[in-house]
Structure formats: structure tokens, C-alpha cells
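At position 385 of the sequence shown (counting the first as 1) the number is 385 in full-length UniProt numbering, and the numbers step up by one without a gap.
Quick reminder that beta carbons are idealized off the backbone N, C-alpha and C, glycines included.
Shown next, in C-alpha cells, is the structure this report addresses.
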Amino acid sequence: MQWDNWRLLTLVSLAGFVGLLFGQMMAFMFVATLAYALWLQHNWYKLWYWLQKPKKRRSPSAEGVIDDVCRQIEQMRQQNSNRKRKLTGYLKRFQSATAALPDGIVVLGEFGEVDWANQAARELLGVRWPRDNNVRINNLIREPAFQHLLENHIHLGGTTTVKSPLNEDVQLEVKLVNYMGSGRLLIARDITQTIKLQRMRRDFVANVSHELKTPLTVLRGYLEAFTEDTDPEQWKMALPAMRQQSERMHLMIKDLLVLSQLETGEKSLRRIPTDVDKLLHSIIEDAKALEHYHEHQFSLHLETDKWLICDLGEVRSAISNLVFNAVKYTPAGCKVTLSWRETDDGVCIEVTDEGEGIAAHHLDRLTERFYRVDKGRSSDAGGTGLGLAIVKHVLQRHGAKLIITSELGKGSSFKCCFPETAAVEKIPV
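Next comes the structure, spelled out in C-alpha cells:
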């Protein structure tokens, strides 16, 4: 600014001096001032012209206030550009972080229109961004419970449970929270497994109560009916039933404790090389000692001589459960086959029977605690309903899996498949 003043003063002074030589000092000073004003106006116009597209045009060059204005504008533009890059970086990191979340995230505008959505929102809600950009969310999700949440989310606490628009078997917990003033954030979480676990826990408590109630009722009935004066013959007749019911409770509590140890990991795995041939032979001998064994035909197929790295006690318990079940729940004289082979699924111990088979709708729930295909038949066999649950947890601890196949009238197959790394070459004795 100071430079402009000195320049104007110098120009007017020179014009006045020249005008004094010609006797027209005021005229020369007026013309010089007018020329300076026009020049200044031209430079201001160039500044305005540059400001229309500052990125594509060069800034005007003029000593003085115009240069100062240009420098200030350029500095502010650079600061804004840096700030914009930072905000863009923050936005990209936010989008990357939310895109990696397993929960569906949808950013909604003032009127419920979709501003942004992550990949999980596409999989859970069917909301695709940018395809659904600016589309109202209530036009994309027409579940009545969700529509009610949109209208009354403040009164409802902002949370409800709805079915996924893409899969009715998937249950979603949907939550709406206020976001950046008038905007809202929609969060959808898959709680299907949680609901299933809650149901299993309720069923477990109910089943335990029921299973314990039966033997306790028998024992209590006898104790209430008998007194010290009761005929010893009646006591003698009741004792086997009482002993049977107490043994049933003992086995059930024992299996529950085993399951608890397996689930909590209280018992550490002691992996040792195990001779599967010897293990299966010993399990067959134990099965022949069962009271339910009635001339069952055992067949052992060993297609590999490899040994298995495992916790011998746990794996023996798991395979024994499968073999004992085959004996308990198949007719007398039925063939039971045990196999040890290498397959595409890994190294597998398979127990196959030629019994009645199991209907397909039961297969997914067989490893649930206390789940029985035929409750009457299972009770008669003296089972606790926990055997397959123990098998499943033992295999999970070994990184193995249980594959169940069955067909009514053709028998069942229970295959325990371990990772290939669990098999080692036979160790010479």
C-alpha cells in the first residue's frame, strides 16, 4: 500500500513539473492522475478475471496493493487446498474403517436419503452405494418394524429387530442415532447367532431341569412312600430302580462337567502320537461289554497305517460315544463299521451303522445338548443326550470337524476329520 502512495506521488509530481514548463501544470497533473486511475482499474480487472479461474490462469503482476492481494489470496487458496486434502484423507480413512466393519453402516440425510453405505450394508440390508445415493431408506427397506423405527426412533430408544431384506433367516438389530445435526446414522448388526445361542441356553436350562426332575421324582416318590416299617421286600424291589436313577443323574452331571471343561478350556490338550489301529480295537472291545450289545457285527477298515497326533483321552471319549451310540440305537445283529482313512477332508475316523437312519431335518441339531431324535427310545437306552455335544467340542479343540450323513432305512455315518498335519508316519515300537 505504501508503494502505491509513493508511486502516485512521484507520477503527479513529475506531471506537475513538466506541466509547469509548459505553463499547464494542473492539466498535466489531471491527465497523469486519470492515466494512473485507468491503469489501476485495468489491473483490478485483471485481478477479477484471474479470480474467476485461479487454477487455470496466472495471477496479475503489479507492484503494490494488487500484488499483496494476490499473495494473500494465493496463500488462502493453498491453505484451503491443504485443508481439503486433509479432510479428504480423513473421509477416506473413515470410509475405509467403516467399510471393514462387520456391521452395516448407512449415513442418512435430513429426509432419510442415503448419503453413503459400506459393504456390510449391501450384504445385510441390500443398500448399495453409490447406486442408491439420495434414495430414501424407507423405499429400500419396507419391513414394518423398520418403518415404525424410522418414525419413532427417539421414543423407541432407536433400536429394533428386523429380518434381513435379503434373507428371512437372518435377524438384524437395527439402530438409528442422530448424526451431524439433522443427519442420522443407521447401524445394522447380524444377531442371528446370538438369538440362536439364547434359544439354546433357554432350551439347555429347561432340558437340564427336565432331565434331573425325572430321576429325582422317582427317588422322592419311593422315599415318601416308604418308611422304617416298610416291608424289606418292597425296599428290595425299589432299590434297583433307585440305583438306576441315581446312576443316570451321576452320568449326566459327569457329562456336564466334561462339557464345561471342554468349553472353558480348563483342561489343556496333551497331544501325543496315537496308534489309531490299537485305539479302535480297544473301543470295539469296550462296546462288546455294553448291556445293549446284542450280537452286533463290528468291521474295522484301516486304509492307512499313519498315527494321529491328539489327546488320547479326549479322542477316545469322542469315538467311544459314536460307537456306543451305534450299539445302543441299532437293532441286534446290526453291522457297525469303523474306518481310518485319508480323504479330501483330511484324515478321518468314520463310524457307520446300518440302523434305522435319521431324518434330514434332525441332522443340524444332533450336536445340541439334550437334543434327541426319539426321546422315548433315548431314555430307554440310558443316554444323557450330551454325547454328540461332547464329540463336537472335542473335535473343535483338535481343529477337526464332525460330518454327519444319514438316510432313513439305510443307516448313519459319523465322520471325524482331522487336519492332514495331525497325521504322522507310524512309529516303530
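* Asked: Buried or exposed: where does D353 fall if 16 or more other Cβ atoms within 10 Å of its Cβ makes it buried?
  -> With 16 or more Cβ atoms within 10 Å of its Cβ, D353 is classed as buried.
The beta strand (DSSP E) with A188 in it runs from where to where? DSSP places A188 in the uninterrupted beta strand (DSSP E) bounded by 183 to 190.
Fill in: Among L212, L176, I187, D169, the one whose alpha carbon lies nearest that of K196
Out of L212, L176, I187, D169, the CA that lies nearest to the CA of K196 is found in D169.
| task | Find the nearest neighbour of Q297 within the set H42, T330, L223, judged by alpha-carbon distance. | result | Ranking the options by Cα distance to Q297, first place goes to T330.
message: So the candidates are L186, C348, C417; which of them puts its Cα closest to the Cα of L125?
response: Per the Cα distances, L186.
Handout entry: Residues near V258 by beta carbon distance below 7 Å, same chain, minus five either side
Key = Cβ within range, chain order: I390.
Below 8 Å between beta carbons: does that hold for M242 and L212? No. Outside cutoff.
_According to DSSP, R341 sits in a beta bridge with which residue or residues?_
Beta-bridge partners of R341 (DSSP): C348.
- Collapsed DSSP secondary structure at A332 in the structure displayed: The answer is coil: DSSP assigns A332 none of H, G, I, E or B.
*Beta-carbon spacing of E113, V135 below 8 Å*: Yes, Cβ-Cβ distance for E113 and V135 is below 8 Å.
Which ranges would you report for the beta strand (DSSP E) in the stretch 228 to 310 if only whole runs of at least 3 residues count?
-> List check, beta strand (DSSP E) in window: 271 to 274, 297 to 302.
Among K401, E314, G387, V218, whose alpha-carbon lies nearest the alpha-carbon of Q244? Taking only the C-alpha atoms, the option nearest Q244 is V218.
Skipping 5 residues on each side, what residues in its chain have a beta carbon closer than 8 Å to that of L150? These residues qualify, in order along the chain: G112, I137, N138, L176.
Checklist entry - What three-state label does DSSP hand A422 in the structure shown? => result A422 falls in the helix class under three-state DSSP.
message: Taking 7 Å as the limit between beta carbons, can you name the residues of its chain near D286, skipping five residues before and five after?
response: Non-local C-beta neighbours of D286 in its own chain, meaning closer than 7 Å and more than five positions away in sequence, comprise S320, ordered along the chain.
**Asked** Across which residues does DSSP place V174 in a beta bridge pair?
**Response** Its beta-bridge partners are T160, A188.
Legend entry - Exposure label - G411; buried when at least 16 CB within 10 Å: The residue in question, G411, is buried, as its Cβ has 16 or more Cβ neighbours within 10 Å.
Run through the DSSP bridge pairs and tell me what L108 is partnered with. For L108, which the question treats as bridged, DSSP gives the partners V114, R184.
*Just curious, the beta strand (DSSP E) that K401 is in, first and last residue?*
Bounds of the beta strand (DSSP E) holding K401 are 401 to 407.
Next on the checklist: Three or more C-beta pairs under 8 Å: does that hold for the stretch 277 to 296 against the stretch 333 to 350?
Outcome noted: Yes: at least three Cβ pairs fall under 8 Å.
Subject >> Inter-residue CB distance, A188 and A121 (contact presumed, cutoff 8 Å) >> reply: The Cβ separation is near 7 Å, so the contact holds.
| In terms of DSSP beta bridges, what is F414 paired with? | Under DSSP, the beta-bridge partners assigned to F414 are V351, I404.
### Query
Three or more C-beta pairs closer than 8 Å, one from the stretch 360 to 368 and one from the stretch 224 to 233: is that the case here?
In the pairwise beta carbon analysis, the stretch 360 to 368 is classified as not touching the stretch 224 to 233: fewer than three pairs are separated by under 8 Å.
Which same chain residues end up closer than 6 Å to A117 when comparing Cβ atoms and leaving out the 5 residues on each side of it in sequence? Within its own chain, the residues whose Cβ lies closer than 6 Å to the Cβ of A117, once the five positions on either side in sequence are excluded, are V106, V127, W129, listed in chain order.
Inter-residue Cα distance where the pair is R377 and G357: Only weak support is given to the placement of R377: the predicted model assigns it a pLDDT of 49, under 50, and the value that follows is read from those uncertain coordinates. Distance between the alpha carbons of R377 and G357 is about 14 Å.
Worksheet item: R136 by DSSP, collapsed to three states: which one?
Response: Note: R136 maps to strand in three-state DSSP.
Notebook entry, point to check: Roughly how many angstroms separate the alpha carbons of T405 and T421, rounded to a whole number?
Noted result: The C-alpha of T421 is placed about 25 Å away from the C-alpha of T405.
Check: Would you call D344 buried or exposed, if buried means 16 or more other Cβ atoms sit within 10 Å of its Cβ?
Finding: It is exposed - the Cβ of D344 has fewer than 16 other Cβ atoms within 10 Å.
(request) Take M76 as the anchor and find which of Q95, L51, S96 has the nearest alpha-carbon. (result) Among Q95, L51, S96, the Cα nearest to that of M76 is on L51.
Quiz prompt | Chain-order list of residues whose beta-carbon lies under 6 Å from that of L388 (same chain, five-residue window excluded) | solution = Around L388: L366, T367.
Where H292 and L386 are concerned, what is the direct C-alpha to C-alpha distance, given to the nearest angstrom? Looking at the two C-alpha atoms, the distance is approximately 18 Å.
Can you find the residues in the same chain that come closer than 6 Å, C-beta to C-beta, to D305, ignoring five residues on each side of it along the sequence?
Within the same chain, D305 has close Cβ partners K426.
Problem - Straight-line gap, I272 to I309 (C-alpha atoms, nearest Å) - result: Across the structure, I272 and I309 are spaced so that their CA atoms are roughly 5 Å apart.
Nearest-angstrom Cα distance between C416 and E263? In a straight line, the C-alpha of C416 is about 19 Å away from that of E263.
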